Amino acid sequence: MTTIFSGIKPTGHLTLGNYLGAVSRWVGIDQHRADALFSVVDLHALTVEHDPARVRRLSRQTATLLLAAGLDPDVCTLFVQSHVDEHARLSFLMECVATDGELRRMIQYREKSARAAKSGESVRFSLLSYPALMAADILAYRTDEVPVGEDQRQHVELARDLAVRFNHRYGQTFTVPRAVAPQVGARVMDLQDPTGKMGKSHADGSGVIYLLDDLAAVRKKIMRAVTDSGRDVVYDRAERPGVANLLDILAACGGGGDPAALAASYDSYGALKRDTAEAVIEVLRPLQERHAKLAADPGEVEGVLRAGAGRARSVARPVVDAAYAAIGLLPAV
Ligand code: AQP
Numbered sequence: 003m004t005t006i007f008s009g010i011k012p013t014g015h016l017t018l019g020n021y022l023g024a025v026s027r028w029v030g031i032d033q034h035r036a037d038a039l040f041s042v043v044d045l046h047a048l049t050v051e052h053d054p055a056r057v058r059r060l061s062r063q064t065a066t067l068l069l070a071a072g073l074d075p076d077v078c079t080l081f082v083q084s085h086v087d088e089h090a091r092l093s094f095l096m097e098c099v100a101t102d103g104e105l106r107r108m109i110q111y112r113e114k115s116a117r118a119a120k121s122g123e124s125v126r127f128s129l130l131s132y133p134a135l136m137a138a139d140i141l142a143y144r145t146d147e148v149p150v151g152e153d154q155r156q157h158v159e160l161a162r163d164l165a166v167r168f169n170h171r172y173g174q175t176f177t178v179p180r181a182v183a184p185q186v187g188a189r190v191m192d193l194q195d196p197t198g199k200m201g202k203s204h205a206d207g208s209g210v211i212y213l214l215d216d217l218a219a220v221r222k223k224i225m226r227a228v229t230d231s232g233r234d235v236v237y238d239r240a241e242r243p244g245v246a247n248l249l250d251i252l253a254a255c256g257g258g259g260d261p262a263a264l265a266a267s268y269d270s271y272g273a274l275k276r277d278t279a280e281a282v283i284e285v286l287r288p289l290q291e292r293h294a295k296l297a298a299d300p301g302e303v304e305g306v307l308r309a310g311a312g313r314a315r316s317v318a319r320p321v322v323d324a325a326y327a328a329i330g331l332l333p334a335v
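Per the working numbering, the sequence shown runs over residues 3 to 335.
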């Protein structure tokens, strides 16, 4: 059976980008077609400046939102990364297989470290080694497929390279994974800066739709989205990124058809924005209602996470033990 693993960082409130780029696919397709494991990857949230209480709060909220979005603990495994020691255990081996050069080439490291340096913050060493931990997250489950948005593709490629290298040097241990991205919604852009992705840790949230945003605020943010200087509605990501982003969002939120075909049915930006706002609101409304119910019963979410961690441990443990043995570490007696 195919094994799927994917994760989400509790670095901020989940956004429409997270939903369309990853979560909606996990819910709609992935959990039903494979042995699917989904994780709130909290260790990754420590790679940038963080407030411990906020990370705890966001971890709980993220897990609750994933269940509200439709992950079904009867058919998939949902757990918190730090509850399963195997991730950290395997991460060090991945650091021993990766090279300094390949980690420094990662676009996310380059962008985030440049941003930190600009604002006078120090760059944590873990921001550089983060993709080694992410490789461990994936390889510990002998994952075949990793459903992610485009921004994470490079990290999955690295996990692939590390799996191949490890197997070649130390013997067949890991499955070589591959990234899979949704056809639309793989890269949702910021509504105020459509050349940059919609990110949950952006300081300015005016171009970001959060899944728990008040629905009136969602409408306002979309109506105020930056469009382009032209007047006609055409789908052109390079020349008209603002309009293309709205068309992508509308198509991914059930607006029907592909974004280029949708463009033909609009003759004004205003109408496109109104329909996009309605489509997004119709996606968020039921999700927010389910979230409110689940948040009122934290014991249920904790139970799901406990059971999920137990299952994840039982899968990862023998794989990581095999990697320890293969690389030359003496088995514990
Ligand atoms: N804008 C996006 N469009 C499509 N997919 C996206 N994803 C994230 N943003 C978009 C996908 O969501 C999954 C989980 O993402 P993550 O938690 O690993 O990272 P993030 O949301 O990108 O959060 P960061 O890195 O803390 O902060 P920002 O967002 O500010 O860079 C992944 O599958 C990701 O592809």
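Where is the CB? At the ideal position from N, CA and C, for every residue including glycine. These figures come from a predicted structure and were not determined experimentally.
Residues near residue i by beta carbon distance below 6 Å, same chain, minus five either side
i, result
"Ala142", "Glu88, Leu92, Ala318, Val321, Val322"
"Gly72", "Val29"
"Ala165", "Leu141, Phe176, Val178"
N- and C-terminal bounds of the beta strand (DSSP E) containing residue i
i, result
"Gly9", "5–10"
"Glu147", "147–149"
"Val42", "37–42"
"Val82", "79–82"
Residues near residue i by beta carbon distance below 7 Å, same chain, minus five either side
i, result
"Ala265", "Val235, Val236, Tyr237, Leu249"
"Pro12", "Val42, Asp44, Ala47, Val57, Leu60, Ser61, Thr64"
"Ala311", "Phe81, Val82, His85, Val86"
"Val25", "Leu68, Ala71"
Burial state of residue i, where buried means 16 or more other Cβ atoms lie within 10 Å
i, result
"His293", "buried"
"Leu16", "buried"
"Arg144", "buried"
"Cys98", "exposed"
"Asp196", "Per the sequence shown, residue 196 should be read as Pro rather than Asp. Buried, because 16 or more other Cβ atoms sit within 10 Å of the Cβ of Pro196."
"Pro179", "buried"
"His157", "buried"
"Gly151", "buried"
"Met96", "buried"
"Ser267", "exposed"
"Ser270", "exposed"
"Asp32", "buried"
"Leu274", "buried"
Nonlocal neighbours in the same chain, by C-beta distance under 8 Å from residue i, ignoring five residues either side
i, result
"Glu159", "Ala181"
"Val220", "Ile211, Ala279, Val282, Ile283, Leu286"
"Asp139", "Phe7, Gly9, Ser41, Val43, Gln83, His89"
"Met200", "Thr17, Leu18, Gly19, Val190, Met191, Asp192, Leu193, Gly209, Val210, Ile211"
Run of the alpha helix (DSSP H) containing residue i, from where it starts to where it stops
i, result
"Arg180", "That residue, Arg180, is in no alpha helix (DSSP H); its beta strand (DSSP E) goes 180–182."
"Thr66", "54–71"
"Val99", "88–99"
"Pro133", "127–141"
Residue-level contact to chain D via CB, residue i, 9 Å cutoff
i, result
"Tyr111", "Judged by its chain identifiers, the structure shown contains no chain D, having just a single protein chain."
Could you name each continuous alpha helix (DSSP H) segment of 4 residues or more that falls completely within the stretch 275–330, going from the start of the chain to the end? Note on the stretch 275–330: whole alpha helix (DSSP H) runs with a minimum of 4 residues are 300–329, in chain order.
At 4 residues or longer, and completely inside the stretch 149–219: list those alpha helix (DSSP H) runs for me, N to C. Runs found: 155–172.
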